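Only one structure is covered here, and it is reproduced in the block below.
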Amino acid sequence: MNYVSRPHIHQQILVEEIVKGNRRALAKAITLAESSNPADSIRLSNLLRDIHQTTAVRTVPRLALSGSPGAGKSRLLDTLGYYLCEKKKMRVGVLAVDPSSTITHGSILGDKTRMEKLGIHPNSYIRPSPSGGHLGGVTSRAWEVLEIFEAANFDVVFVETVGVGQSETQCKDLTDMMILLVPPASGDELQGIKKGIVEVADMVVVTKNDGSRKLLAQQTISAYTRAVMYTEAKQGFEKPVLAVSAEERTNVPELWEAMMKMWNTRVESGQIAHLRRAQSMKHFYNYFEMQLLTKARRMANVEMQNFAHRVWEHQMTPREAGDIMVLRTLREHLAAETAVGAGGEGGMRPQRSSRGREKGGRGLVGTAQDRP
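Using full-length UniProt numbering, you'd call the opening residue of the sequence shown number 1 and step up by one each time.
Put into structure tokens, the structure is as follows:
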């Protein structure tokens with residue numbers, strides 16, 4: 001079954017309604033950001049430009065919660081988010097990235113259904129978002145969604161990821177801090193602590209510190225405390241290792257205080273402002289590459305299939321075919337631009353090609369001039 005893109009979103013989306021916290025407008029805007037319809041891409045660009053020009057600049061904490069399946073991410077986020085809404089009177093936004101079906105690209109687990117208390121609180125808004133098959137479990141449009149969340153005047157935005165390895169590093173390109181959640185583990189399991197993930201994390205939280213698991217939780221705290229010591233000296237900042245229980249609701253306020261202490265320190269030092277600028281630059285490059293690849297594939301679809309067949313038949317190497325396709329696609333683009341520029345003087349003029357095309361043909365076989 002082929003994946004069918006979302007239909008074009010016809011409804012008008014007003015920035016003023018998003019800023020007011022209108023849930024319907026917020027849902028439409030996020031749906032627009034997640035749409036794969038090319039027509040919606042233009043509307044999204046216009047919406048983000050309007051948000052940038054009309055809303056006040058706010059620096060809202062963007063916090064990522066990541067960890068392996070079963071670490072208790074949804075349960076802890078439900079407890080922590082409800083505490084912030086109920087006790088702190090804060091508006092909490094959550095982007096819950098679900099694993100995707102490889103057939104329909106729809107969500108599989110439904111993280112929102114596990115946030116029972118937070119999901120019904122009037123001060124919260126939870127948006128499940130399928131990962132779309134991305135390796136790290138973070139959607140390609142997550143940056144735009146976070147921009148929309150921030151414009152909607154939430155006091156904090158959480159990103160809950162699938163937790164499959166690469167998500168930890170991808171979250172660093174989207175959020176201000178990455179909190180690694182780990183369940184209590186035995187000695188053999190603790191031997192397999194991945195130093196790379198500990199380096200990426202800003203804080204380690206041992207979950208499920210309750211009942212008969214308290215002893216294992218304390219052993220896990222000791223193991224991760226030793227693990228972060230090696231990265232603290234190298235990276236130049238302290239990484240707290242805490243234990244919480246969502247079931248017993250213990251140490252949840254302390255966890256929030258530790259998060260805000262670290263975040264406020266980074267805001268005051270200018271680190272968050274610098275990080276946001278760097279993330280914007282990276283998103284620019286990523287978006288440029290994604291759009292360039294999409295348009296190139298659309299322009300060179302027939303020829304690309306031809307060269308793919310030649311690679312399949314071992315008539316060309318993948319690198320050789322790729323180099324020729326890059327040159328041809330760029331020449332097609334330049335020829336189209338020239339034709340459009342000349343169109344004002346009687347329409348598009350036929351372009352002579354140095355690739356040896358016959359009249360009416362497309363010259364699919366690479367020539368010497370095509371080869372780099």
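Think of the CB as a built atom: it goes at the ideal place given N, C-alpha and C, for glycine as much as any other residue.
From a predicted model like this one, the values you see are computed outputs, not experimental measurements.
Apply the 10 Å Cβ neighbour rule to residue i and answer buried if 16 or more other Cβ atoms are within range, or exposed otherwise.
{"i": "Asn209", "result": "buried"}
{"i": "Ser74", "result": "buried"}
{"i": "Arg226", "result": "exposed"}
{"i": "Tyr125", "result": "buried"}
{"i": "Ala336", "result": "exposed"}
{"i": "Met281", "result": "exposed"}
{"i": "Ala368", "result": "Caution is warranted here: a pLDDT of 45 is assigned to Ala368, below 50, making its placement in the model unreliable, and the coordinate value is therefore given only provisionally. So Ala368 ends up on the exposed side."}
{"i": "Asn46", "result": "exposed"}
{"i": "Ala201", "result": "buried"}
{"i": "Thr207", "result": "buried"}
{"i": "Lys239", "result": "buried"}
{"i": "Arg91", "result": "buried"}
{"i": "Leu215", "result": "exposed"}
{"i": "Phe237", "result": "exposed"}
{"i": "Glu257", "result": "exposed"}
{"i": "Glu34", "result": "buried"}
{"i": "Pro184", "result": "buried"}
{"i": "Arg297", "result": "exposed"}
{"i": "Phe307", "result": "buried"}
{"i": "Thr294", "result": "exposed"}
{"i": "Met290", "result": "exposed"}
{"i": "Leu334", "result": "exposed"}
{"i": "Thr329", "result": "buried"}
{"i": "Ile120", "result": "exposed"}
{"i": "Ser212", "result": "exposed"}
{"i": "Val302", "result": "exposed"}
{"i": "Leu292", "result": "exposed"}
{"i": "Arg319", "result": "exposed"}
{"i": "Arg23", "result": "exposed"}
{"i": "Val97", "result": "buried"}
{"i": "residue 432", "result": "For the chain, the structure presents residues 1 to 372; residue 432 sits outside this window and is missing."}
How about residue i and residue j: do their beta carbons lie closer than 8 Å?
{"i": "Phe161", "j": "Ala64", "result": "Strictly speaking, residue 161 in this sequence is Thr, with Phe absent from that position. Going by C-beta atoms, Thr161 is nearer than 8 Å to Ala64."}
{"i": "Ala142", "j": "Leu174", "result": "yes"}
{"i": "Leu44", "j": "Glu147", "result": "no"}
{"i": "Tyr82", "j": "Pro253", "result": "no"}
{"i": "Leu95", "j": "Ser129", "result": "yes"}
{"i": "Val145", "j": "Arg62", "result": "no"}
{"i": "Thr55", "j": "Ala151", "result": "yes"}
{"i": "Val198", "j": "Thr250", "result": "no"}
{"i": "Asp176", "j": "Leu275", "result": "yes"}
{"i": "Val205", "j": "Val228", "result": "no"}
{"i": "Phe149", "j": "Gly72", "result": "no"}
{"i": "Asn123", "j": "Cys85", "result": "yes"}
{"i": "Leu180", "j": "Gly67", "result": "yes"}
{"i": "Asp78", "j": "Arg114", "result": "yes"}
{"i": "Ala29", "j": "Ile13", "result": "yes"}
{"i": "Arg310", "j": "Ala321", "result": "yes"}
{"i": "Thr59", "j": "Val241", "result": "no"}
Write down the C-beta distance between residue i and residue j rounded to the nearest angstrom, noting that I regard them as a contact closer than 8 Å.
{"i": "Cys171", "j": "Val182", "result": "In fact, because the Cβ distance is near 16 Å, the residues do not count as touching under 8 Å."}
{"i": "Ala217", "j": "Ala243", "result": "5 Å"}
{"i": "Val19", "j": "Asn153", "result": "6 Å"}
{"i": "Met325", "j": "Met304", "result": "6 Å"}
So who's on the other strand from residue i, going by DSSP bridges?
{"i": "Tyr125", "result": "Gly93"}
{"i": "Glu160", "result": "Leu65, Ala96"}
{"i": "Ala243", "result": "Val206"}
{"i": "Met178", "result": "Ala64"}
{"i": "Thr250", "result": "Ser245"}
With 8 Å as the threshold, decide whether the Cβ of residue i is near any Cβ in chain D.
{"i": "Lys87", "result": "Checking the listed chains, one finds no chain D in this structure; it contains a single protein chain."}
request  = Say whether the region 213-224 touches the region 253-266, bearing in mind that this needs 3 or more beta-carbon pairs closer than 8 Å, one atom from each stretch.
outcome  = no
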